[in-house]
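Encoded as structure tokens, the structure appears first; notes follow it.
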Amino acid sequence: MKRVERLHALAEMLRRSGARGVSAARLAEEFEVSVRTIKRDLDALENSGAPIWSRPGPGGGYGLAVGTSLPPVSLSSSQAVALMAAVSAAPDAPYADLAASGIQKILDVLDPKTRARADELAQRVWVRAVPSSSRPIKSALEEAMAEQRVIRIQYTSRDETTTTRDVEPVLFASTNGQWYLVGWCRLRNAMRWFTVSRIQRATVTKMACDGHTIDEVGEPPSNARPVHGRLGRATNVSSGQDN
Numbered sequence: 019m020k021r022v023e024r025l026h027a028l029a030e031m032l033r034r035s036g037a038r039g040v041s042a043a044r045l046a047e048e049f050e051v052s053v054r055t056i057k058r059d060l061d062a063l064e065n066s067g068a069p070i071w072s073r074p075g076p077g078g079g080y081g082l083a084v085g086t087s088l089p090p091v092s093l094s095s096s097q098a099v100a101l102m103a104a105v106s107a108a109p110d111a112p113y114a115d116l117a118a119s120g121i122q123k124i125l126d127v128l129d130p131k132t133r134a135r136a137d138e139l140a141q142r143v144w145v146r147a148v149p150s151s152s153r154p155i156k157s158a159l160e161e162a163m164a165e166q167r168v169i170r171i172q173y174t175s176r177d178e179t180t181t182t183r184d185v186e187p188v189l190f191a192s193t194n195g196q197w198y199l200v201g202w203c204r205l206r207n208a209m210r211w212f213t214v215s216r217i218q219r220a221t222v223t224k225m226a227c228d229g230h231t232i233d234e235v236g237e238p239p240s241n242a243r244p245v246h247g248r249l250g251r252a253t254n255v256s257s258g259q260d261n
């Protein structure tokens, strides 16, 4: 990661840490550099005008003053195309439509020269078009997950049995080219993995989830990771199918 990219990512991490802050050691671990390098980066951010605060002693750390904002993100043409390629290659991913609209906003504010380079480079990146799940179903699943409300689904299992389930959504997972809704099934009274493409109908109810957590899904495999933070190698999550 180039230093200018690390500085921006560092500022974002400080902003997300809120009032609790984050230690220099944690920042060094996150960005895989030394504590000395992190402190030099913090000095550089502060010298550029970023309102960084520090709290010494045990439990101390660094953060950004409340109410501050970061400068606009500046992307290279290659970074812009990388974002477009990632979204285009995964149209069935949760929130893919929102990601596409977010990328469009970024493209709209690029300087004309960078935008022209990105448009030209994008013509040199092809992805295989894959059918996406029903937009109403995806929208319902995304809303239920974000709002943590029970979703009522009509689901066809591998043996072609169709049932109606009330599910408390816990997470989305991708493995072997399939997306799954993982949640607490009130019909089976257990955690279940539902293949999104097998969901025939989905309706968000007014019922709040009971608070089932990711820990109840079990330990993820060593090569699995959430999508937040610094992205590494592409990984899949092992799953158990529902029945």
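The sequence shown begins at 19 in my numbering and counts up one residue at a time. Glycine included, each C-beta is placed from N, C-alpha and C at the ideal position.
Could you tell me the alpha carbon to alpha carbon distance between residue i and residue j, rounded to whole angstroms?
| i | j | result |
| --- | --- | --- |
| Glu-178 | Ala-140 | 41 Å |
| Met-225 | Leu-32 | 35 Å |
| Val-51 | Ser-94 | 24 Å |
| Ile-70 | Ile-56 | 13 Å |
| Arg-170 | Leu-205 | 11 Å |
| Asn-254 | Ala-42 | Reliability of the predicted coordinates at Asn-254 is poor, the pLDDT of 44 falling under 50, and no value is obtained from them. |
| Glu-160 | Glu-64 | 38 Å |
| Ala-29 | Gln-97 | 19 Å |
| Gln-166 | Lys-131 | 43 Å |
| Asp-129 | Val-143 | 21 Å |
| Ser-152 | Phe-212 | 15 Å |
| Val-168 | Ile-217 | 15 Å |
| Trp-202 | Asp-115 | 26 Å |
| Phe-190 | His-230 | 14 Å |
| Ser-215 | Gly-195 | 11 Å |
| Arg-21 | Arg-243 | 25 Å |
| Ala-162 | Trp-197 | 16 Å |
| Arg-73 | Asn-241 | 35 Å |
| Ser-66 | Arg-44 | 22 Å |
| Ala-164 | Ala-134 | 36 Å |
| Ser-175 | Thr-181 | 8 Å |
| Tyr-113 | Pro-238 | 22 Å |
| Asn-207 | Gln-172 | 17 Å |
Would you mind sorting residue i into buried or exposed? The rule is 16 or more other CB atoms within 10 Å of its CB.
| i | result |
| --- | --- |
| Ala-37 | exposed |
| Glu-23 | exposed |
| Ser-192 | buried |
| Ile-232 | exposed |
| Arg-183 | buried |
| Gly-247 | Legend: pLDDT at Gly-247 = 49, less than 50; position of this residue unreliable, value from coordinates given subsequently. Flag for Gly-247 reads exposed. |
| Asp-59 | buried |
| Val-127 | exposed |
| Gly-77 | exposed |
| Ala-158 | buried |
Looking at the strands, I want to know which residues DSSP matches up with residue i.
| i | result |
| --- | --- |
| Ile-70 | Leu-82 |
| Val-40 | Tyr-80 |
| Met-209 | Trp-202 |
| Leu-189 | Val-200 |
| Ala-226 | Arg-167 |
| Gln-172 | Thr-182 and Arg-219 |
One question on the structure: do residue i and residue j come within less than 9 Å of each other, judged by their Cβ atoms?
| i | j | result |
| --- | --- | --- |
| Pro-109 | Val-148 | yes |
| Val-222 | Met-209 | no |
| Ala-111 | Ala-103 | no |
| Ile-121 | Val-105 | yes |
| Ala-107 | Arg-146 | yes |
| Ala-27 | Phe-49 | yes |
| Ala-46 | Pro-154 | no |
| Gly-75 | Val-40 | no |
| Glu-186 | Asp-137 | no |
Can you round the beta-carbon distance between residue i and residue j to whole angstroms, since I take them to be within the 8 Å contact cut?
| i | j | result |
| --- | --- | --- |
| Val-200 | Val-235 | 6 Å |
| Ala-62 | Leu-25 | 6 Å |
| Gly-81 | Ser-35 | 5 Å |
Using a Cβ-based criterion (distance less than 8 Å to any ligand heavy atom), does residue i qualify as near the ligand GTP?
| i | result |
| --- | --- |
| Lys-20 | Ligands displayed in this structure: none; no statement on the ligand GTP is therefore possible. |
Of all the CB atoms in chain C, is at least one closer than 9 Å to the CB of residue i?
| i | result |
| --- | --- |
| Gly-39 | Going by chain labels, chain C is absent from the structure shown, which holds only one protein chain. |
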